[in-house]
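K.L.:
What follows is a single structure, and I will ask about it in a moment.
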Amino acid sequence: MGSKYPPSMRRCLPLWTLMLEAALVVIFFFFTSYDTLSQDPPKQLMRTFRVFQDVTIVAALGFGFLNLSLRRYGWSSVAFNLFLLALGVQWAVLMDGFLDQHFQNKVVIKLSRIKLATMSAMSVLISVGAVLGKTNLLQLTLMALVEVTLQPTTTRTIVACSRDSANQGPQYWFSNSIFPSTTVS
1 MGSKYPPSMR RCLPLWTLML EAALVVIFFF FTSYDTLSQD PPKQLMRTFR VFQDVTIVAA
61 LGFGFLNLSL RRYGWSSVAF NLFLLALGVQ WAVLMDGFLD QHFQNKVVIK LSRIKLATMS
121 AMSVLISVGA VLGKTNLLQL TLMALVEVTL QPTTTRTIVA CSRDSANQGP QYWFSNSIFP
181 STTVS
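Counted the way UniProt numbering counts, the sequence shown spans residues 1 to 185.
Encoded structure:
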């Protein structure tokens with residue numbers, strides 16, 4: 001069964017994704033470095049790696065085979081998930097590093113940062129499962145980039161807001177969020 005995408009989409013999409021990946025390779029080349037000063041003992045590092053490996057397998061294969069029941073997409077749903085997971089992890093590592101408070105010209109790539117990036121990309125895979133039959137790969141790619149960009153931004157905003165109001169206690173939170181005109185004495 002041939003592809004039902006128009007010929008312009010079939011020609012444009014591979015070129016667009018290759019250009020996107022080439023841009024990410026260039027960004028990683030100039031703006032990242034690896035964590036060579038890690039103080040983690042080898043046993044803790046291996047334990048973290050095992051958890052990371054399990055999460056990645058669940059993300060890549062679990063969500064892909066979950067969408068396998070769609071007759072039209074079959075094995076291509078697994079390929080879509082692998083592509084979006086790789087793209088989402090790359091973009092999430094960059095976004096998390098650029099938004100880091102200690103950012104100094106280079107994003108330091110650590111295993112913990114990759115683990116968090118995988119969790120960010122998993123939210124994209126859940127969203128992809130909801131719209132898989134109605135969108136093309138270009139729309140899924142744009143959805144992944146936007147969703148992964150908003151996740152660390154939202155997280156940092158929530159942490160900053162909760163840190164600012166932590167000194168006033170829960171009464172301040174409740175009274176100012178629901179009844180802004182009242183004050184707590």
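No residue lacks a Cβ here, since even glycine has one placed at the ideal position from N, Cα and C.
Using 8 Å as the threshold, is the stretch 9-19 in touch with the stretch 96-107, meaning 3 or more CB pairs across them?
P.N.:
no
K.L.:
Tell me whether T32 sits in a helix, a strand or coil according to DSSP, three-state version.
P.N.:
strand
K.L.:
Look up residue 186 in the DSSP assignment and give the residues it is bridged to.
P.N.:
The question about residue 186 has no answer here: the residues shown for the chain are numbered 1 through 185.
K.L.:
Given R11, which residues of its chain have a CB within under 8 Å of its CB, disregarding the five upstream and five downstream residues?
P.N.:
none
K.L.:
With the cut-off set at 8 Å, would you say residue 233 and V107 are in Cβ contact?
P.N.:
The requested residue 233 does not occur in the structure, where the chain is confined to residues 1 to 185.
K.L.:
According to DSSP, is L132 part of a helix, a strand, or is it coil?
P.N.:
coil
K.L.:
Considering only their Cβ atoms, is the gap separating S120 from A92 smaller than 8 Å?
P.N.:
Cβ distance < 8 Å, so A92 and S120 count as in contact.
K.L.:
Note down the Cα distance separating L150 from V58, rounded to an integer number of angstroms.
P.N.:
23 Å
K.L.:
With distance defined between alpha-carbon atoms, name the residue in R50, F28, A60 and T157 nearest to L125.
P.N.:
A60
K.L.:
Taking D35 and K110 to be in contact with their CB atoms under 8 Å, please state how far apart those CB atoms are, rounded to whole angstroms.
P.N.:
4 Å
K.L.:
Based on Cα-Cα distance, which residue from R156, P152, T32 and V25 lies nearest to A117?
P.N.:
P152
K.L.:
Please state the DSSP three-state secondary structure of L99.
P.N.:
coil
K.L.:
Helix or strand or just coil, what does DSSP make of P152?
P.N.:
DSSP places P152 in helix when its eight states are reduced to three.
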